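Trainee:
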Amino acid sequence: MLTPFDWIRQTRTGSELLAVLHYIEDRPDLVGRDTDEIGPPHSALTSLCQRCRVYAYATDRARTPYCPTCSAILQRARSLKELSLNTVLLWGHVNLLPRNIFPPRQAQGNTHAERWQRGILGAYVHSQTPGQTRFLLALHRKALKPWLENLALYQGMEMRGLLQLFPTTGMTGASMGDLLCHIVHHESRFPMDALRVRFFATVQQVLRPHHYDKQGVVNFEVSEFLSMLEMAAVFRTVLHPDEQQMLLELLNLENPAESHFYWGRFMGYLNPDARDMLDGWNVRNWSKPQLSLLYNLIEYVAFYHTA
266 MLTPFDWIRQ TRTGSELLAV LHYIEDRPDL VGRDTDEIGP PHSALTSLCQ RCRVYAYATD
326 RARTPYCPTC SAILQRARSL KELSLNTVLL WGHVNLLPRN IFPPRQAQGN THAERWQRGI
386 LGAYVHSQTP GQTRFLLALH RKALKPWLEN LALYQGMEMR GLLQLFPTTG MTGASMGDLL
446 CHIVHHESRF PMDALRVRFF ATVQQVLRPH HYDKQGVVNF EVSEFLSMLE MAAVFRTVLH
506 PDEQQMLLEL LNLENPAESH FYWGRFMGYL NPDARDMLDG WNVRNWSKPQ LSLLYNLIEY
566 VAFYHTA
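All you need for this note's numbering is the position in the sequence shown, starting with 1, plus 265.
In structure tokens, the structure reads:
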């Protein structure tokens, strides 16, 4: 029998992962049952489910070579493709289970509505023992900052361990299950003496973490990472999208004389608030990895509403 975590590790895309998380909570009988018939040995006349390669495919669906569980996962995943593009995944290896994963039940029928309003798209607690808790959380990108702020406010003084943030994948490249196995493999790299965050903006960063560790744009204390998210929110609010693109192109110029010339013209084009922000942050002297981190974090924060 496959466990819920086995079903998670078999997912190929972010939409499939969201579907499995959905069924783990709403239909645990589907992904945790032991009543499915084990598939027969592969032969010219019989075959296993083409997705899980464990169970027999449903005999009442001759044209669907999947077992009932895989059929349900794939059907649910079709409606989650767009949502998965705006999802960030979090694997936690900490000493305490965050309280804001499962908000208190106020009404039996409104639990999911409340969680979706908070940006929680799915959650799975893999193991929970005294001092050791592992969990997987799917968040809407724009919910990451308020979720971490809530965690730091209410449990930041007592929580220790590592929170690893990473993106979903599509049909090409590494599968979602492979990516998660890489994440789990590196969960014990740090001692559990503080609450730390590892932020992987791309799949490539997950597969080559040591290369990006040296650039200083992956590992953070939780307070430091929240400060970076705050900077990204201010940056996104003060600079318009076209100004953000102009700044990126300007800072990537290789010729110093050309860069100096266009910098003066660009600063004259900006409003006073934007000029003060860029001068105060000394953005011109940032390294390319730091600049790339800022632009990646823009996708994870919302605008501030200004009068």
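Built from N, CA and C at the ideal position, the CB exists for glycine as well.
Computed from a predicted model, the values in this text were never measured in an experiment.
For LYS410, count neighbouring C-beta atoms within 10 Å of its own C-beta (all shown protein chains included) and say buried if the count is 16 or more, exposed if not.
Mentor: Buried: at least 16 other Cβ atoms inside 10 Å.
Trainee: Check the DSSP bridge columns for ARG461 and list the partner residues they point to.
Mentor: The partner list for ARG461 (beta bridge, DSSP) reads LEU427, GLU486.
Trainee: For a test of the three-state rule: what should DSSP assign to TRP551, helix, strand or coil?
Mentor: DSSP places TRP551 in coil when its eight states are reduced to three.
Trainee: What residue range is occupied by the uninterrupted alpha helix (DSSP H) comprising VAL566?
Mentor: Premise fails: VAL566 is in no alpha helix (DSSP H) and is neither H nor E.
Trainee: Counting C-beta neighbours from all protein chains within 10 Å, is the total for TYR419 16 or more, i.e. buried, or is it exposed?
Mentor: Exposed, since its Cβ has fewer than 16 Cβ neighbours within 10 Å.
Trainee: What number of angstroms, rounded off, separates the C-alpha of GLN371 from the C-alpha of ASP507?
Mentor: Bear in mind that a pLDDT of 44 at GLN371, under 50, signals an unreliable position, so the number given afterwards is only what the model happens to contain. Taking the straight line joining both Cα atoms gives about 44 Å.
Trainee: Determine the closest residue to MET511 out of ALA466, GLY545, CYS332, TYR560, with distance taken between C-alpha atoms.
Mentor: For MET511, the nearest C-alpha among the options comes from TYR560.
Trainee: In the DSSP assignment, what residue or residues form a beta bridge with LEU401?
Mentor: TRP356, TYR389, per the DSSP bridge assignment.
Trainee: Can you give me the C-alpha to C-alpha distance between VAL459 and TYR389, rounded to a whole angstrom?
Mentor: Rather than Val, the amino acid found at residue 459 in this sequence is Ala. Spanning the two alpha carbons is a distance of roughly 23 Å.
Trainee: Name the one or two DSSP bridge partners that THR394 has.
Mentor: According to DSSP, THR394 bridges with GLN397.
Trainee: From the DSSP output, in three-state form, read off ALA337 for me.
Mentor: Note: ALA337 maps to helix in three-state DSSP.
Trainee: Going by C-alpha distance, which of PHE490, LEU494, GLN555, TYR565 is nearest LEU516?
Mentor: Checked all of PHE490, LEU494, GLN555, TYR565; the closest Cα to LEU516 is GLN555.
Trainee: Near VAL285, which residues of its chain fall below 7 Å by C-beta distance, leaving aside the five closest residues on each side in sequence?
Mentor: Hits under 7 Å: TRP272, ILE273, THR276, VAL296, ILE338.
Trainee: What distance in whole Å lies between the Cβ atoms of PHE464 and PHE485, which are believed to be in contact at a cut-off of 8 Å?
Mentor: With 8 Å as the limit, PHE485 and PHE464 qualify as a contact, their Cβ atoms being about 7 Å apart.
Trainee: What is the C-beta distance between LEU355 and LEU416, in whole angstroms, given that I count them as a contact (C-beta under 8 Å)?
Mentor: In fact, because the Cβ distance is near 10 Å, the residues do not count as touching under 8 Å.
Trainee: Helix, strand or coil for LEU445 per DSSP?
Mentor: In the structure shown, LEU445 sits in a helix (DSSP, three-state: H, G or I).
Trainee: Between the C-alpha atoms of ALA342 and THR334, what's the straight-line distance to the nearest angstrom?
Mentor: Computed Cα separation, rounded: 12 Å.
Trainee: Check whether the stretch 464-479 and the stretch 535-551 are in contact - that is, three or more C-beta pairs closer than 8 Å.
Mentor: These segments do not touch.
Trainee: Mind checking who ALA321 pairs with in its DSSP beta bridge?
Mentor: LEU313.
Trainee: Would you mind reading off the limits of the alpha helix (DSSP H) that contains HIS525?
Mentor: Element bounds for HIS525: 521-534.
Trainee: Beta-carbon within less than 7 Å of VAL468's beta-carbon, same chain only, minus the 5 sequence neighbours each way: which residues are those?
Mentor: Cβ within range, chain order: PRO432, THR434, GLY438, ALA439, LEU444.
Trainee: Would a C-beta distance cut-off of 7 Å place LEU283 and LEU345 closer than the cut-off?
Mentor: Yes; because the gap between Cβ atoms is below 7 Å, this pair is in contact.
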